[in-house]
Amino acid sequence: MSEQKAVASKPKASRQAFGEVLAELGAKHTDLVVLDADLAKSTKSELFAKKFPERFFEMGIAEQNMVGVAAGLGLAGKNAFCCSFACFVAGRFETIKISVAYSGGNVKIVGTHAGVGIGPDGYSQMGLEDLALMRTLPTMEVYQPADELETRQIVEYLATHRGAAYLRLTRQDLTPVHGPGYEFAPGKLDVLAEGKDVAILATGGPTFHAVDARKQLAAAGIDAAVINVPSIKPFDREGIAAWAKKVPLFVSVEDHNVLGGMGGAVAEVLAEVAGARARLHRHGIPDVFGESGEPEDLYRKFKLDADGIVAVVRERLGR
Amino acid sequence: MDRQATIATLAATCTRLRRDILEMITHAGSGHPGGSLSAVDLIETLYSKHLRQGAQRANDPARDRFVLSKGHGVPALYAVLAHHGYFSRDLLPTLRKLGSPLQGHPVVGTVPGIEACTGSLGQGLSVAVGMALGARLDGNGARIWCMMGDGEIQEGQVWEAMMSASKYRLDNLVAIVDSNKAQIDGLVKDVMPLESIEEKARSFGWLTTRIDGHHYGHILDAYEWAEKPEGAPKLIVADTIKGKGVSFMESELVKWHGVATNKEQLEKALAELDPEVLGS
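Same order as they appear, the protein sequences are chains C and W. Start counting the first sequence at 1; every next residue gets the next number (full-length UniProt numbering). Start counting the second sequence at 1; every next residue gets the next number (full-length UniProt numbering).
Shown next as structure tokens:
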């Protein structure tokens, strides 16, 4: 993981970064197998399929069987990456619960096109509950990268990790928030910028918007920390507890229902921290259905872009 | 051992296993006797004559594997595994008790020989397909066996798994349907009719056979057929009797799906299950 990659500083979708790095890792990790359910062109697992056709399994539009077959491959000693839209793969929750998590299968569930960021396809294609579901499974690790470099490093980690994990990726491009020296660490917060008035905790798609929001807030005299949360489970309880004593306000930002996602994880820890100063505002999709629209219009509507995050923070601070 | 001797041994062993099953379930105070008794002849014949595994090879990556997808029938599997030395028979009375490795439905890692967590019906065949694909990638010659209940194949995932096994021409995969004709809410034909299971499976690209699942000669022949690679997955539909071996269960198929015998009923059942008599 310390191996530094030359990463272009231009925006890239985390699904694209995932597909590229998985195809690279296939040569070194001969136990890697990949399954998809008729969305390989979209999840970018096709990049692996082209290089390693004997280790790629097209399972058709039958996600629960795909999940179970991945579990069997994992039990037979493989490391199975099982890909679809976050919405469809997480929808096979009970198969993930029993065949994957409970069986101790070596399976990586990959959910792409997460959140309202999928855009015009509308709510039926939007994974907005997947973090809440996956967090409840014992042994299941849950990760959501914020840019290309972090995606690469998380996929590299998962390529050698034994056990079950969920990886949540975007359809839309993500502007890099990390320099080339970044090192992802499972179970740790990633502090992108220090600040004392508020800590914005962001994960996945909206993270780079939170970085932009910090600049606007600074212009308004508000000193905001921006903390990227790539590791939803294991979750950095100590990190949250420490920040809860440093700042008066947390604003969690995610393209997911506010119930049970990253903000929910923060709330659970915060409620148990003795001497916490911070109050929490959970910002995300406010327990409503998504809808069709261009991704940027949806991010504007749900206040997940920089202007929206600024507005939410200022309203909450009353400044 | 000649065939007649093999069959006599199987008959005697399975009678003892039936006694174990009923004692375990009675002691637990809950469990599924009917579907355990319908499956035990099929499971014991597999472990004693066809599964290339054994207690000493329970973690060998190249072993044959058996996935009990109808996880509620696990008392039969526990009895068979204990009989073959996978773990001590002393554990059998701990079935379903707090802290026991013998969970109410199979759990990987609790005792050697459990290959997948099952019990949420309809999931095991998919896992077996994955194991068969893995064995093929490794070229290790392992064969994967999966047992389902007939009621269980009402689950749609089973048919997704059937399609995928057929697509990948998994001739190292064998599915067995323990067709005991009854499920919790009633007879399978009333709850949700399935027949013809064989025609459905054949239309999904499987090779099939149908046998009497309590006739050891039929079972041995079917397993021999199933082990011949013929470019397609194979399905054995085994006609069985829920509660087989216990007359008061055989006469009330549905009742004994998920009800434990009490002590009095156990005594009555054991009186009908004399291994010396049936084995002779």
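Here a beta-carbon is modelled for each residue, glycine too, at the ideal position from N, C-alpha and C.
Beta bridge counterpart(s) of residue i as assigned by DSSP
i, result
"W:M147", "W:L68 and W:I176"
"C:S252", "C:L201 and C:R282"
"C:V191", "C:I227"
"W:Q183", "W:G186"
"C:D173", "C:A13"
"W:F87", "For W:F87, which the question treats as bridged, DSSP gives no partner whatsoever."
"C:A114", "C:G127"
"C:L35", "C:F57 and C:C82"
"C:D147", "Beta-bridge pairing links C:D147 to no other residue."
"W:E250", "The partner list for W:E250 (beta bridge, DSSP) is empty, contrary to what the question assumes."
"W:R210", "W:V237"
"C:V269", "Its beta-bridge partners do not exist; DSSP assigns none."
"C:E141", "C:A165"
"C:I109", "C:C82 and C:Y166"
Proximal chain W residues relative to residue i, where beta-carbon distance stays under 8 Å
i, result
"C:V69", "S126, V127, V129, G130, L133, A161 and S164"
"C:G163", "Simply none; closest approach about 12 Å."
Alpha-carbon to alpha-carbon, residue j and residue i
i, j, result
"W:M163", "C:F235", "39 Å"
"C:A193", "C:G115", "25 Å"
"C:R135", "C:I232", "8 Å"
"residue 287 of chain W", "W:Y223", "This structure gives no information on residue 287 of chain W, because the portion of chain W shown stretches from 1 to 280."
"W:L92", "C:I98", "24 Å"
"W:Y216", "W:E155", "29 Å"
"W:D20", "C:K28", "49 Å"
"C:A202", "W:T110", "40 Å"
"C:K245", "C:A311", "24 Å"
"C:M140", "C:G163", "8 Å"
"C:T30", "W:W256", "49 Å"
"C:H113", "C:A71", "23 Å"
"C:V110", "W:D221", "43 Å"
Residue i (DSSP reduced to helix, strand or coil)
i, result
"W:I236", "strand"
"C:L158", "helix"
"C:N257", "strand"
"W:A8", "helix"
"C:K12", "strand"
"C:A49", "helix"
"C:E20", "helix"
"W:V80", "helix"
"residue 330 of chain C", "Past the boundaries of the shown model lies residue 330 of chain C; chain C is included only from 1 to 319, so the question cannot be answered."
"C:D307", "helix"
"W:C14", "helix"
"C:I232", "strand"
"C:A165", "strand"
"C:Y299", "helix"
"W:T45", "helix"
"W:T118", "coil"
"C:K215", "helix"
"C:E183", "coil"
"C:M1", "In this predicted model, C:M1 has a pLDDT of only 39, less than 50, meaning its place in the structure is not dependable; the value taken from the coordinates is given anyway. Looking at C:M1 - three-state DSSP - the assignment turns out to be coil, as it is neither helix nor strand."
"C:I222", "coil"
"C:V67", "helix"
"residue 321 of chain C", "Nothing in the structure corresponds to residue 321 of chain C, since chain C is present only between 1 and 319."
"W:E160", "helix"
"C:K196", "coil"
"C:K44", "coil"
Closer than 9 Å at the beta carbon, the chain C residues around residue i
i, result
"W:V108", "L75, Y102, S103, G104 and G105"
Minimum Cβ-Cβ distance from residue i to chain C less than 8 Å
i, result
"W:P61", "yes"
"W:C117", "yes"
"W:S203", "no"
"W:Q53", "no"
"W:Q157", "yes"
Closer than 9 Å at the beta carbon, the chain W residues around residue i
i, result
"C:E94", "S120 and Q123"
"C:G264", "Under the 9 Å cutoff, chain W gives no residues; its nearest Cβ is about 26 Å from C:G264."
Any C-beta of chain W under 8 Å from that of residue i
i, result
"C:Q64", "yes"
"C:K78", "yes"
"C:G111", "no"
"C:G72", "yes"
"C:F18", "no"
Within chain W, partners of residue i - CB distance below 7 Å
i, result
"C:I98", "C117, S120 and Q123"
"C:M59", "S164"
Closer than 7 Å at the beta carbon, the chain C residues around residue i
i, result
"W:Q103", "Going along chain C, no residue has its Cβ under 7 Å from W:Q103, so there is no contact; the nearest lies around 10 Å."
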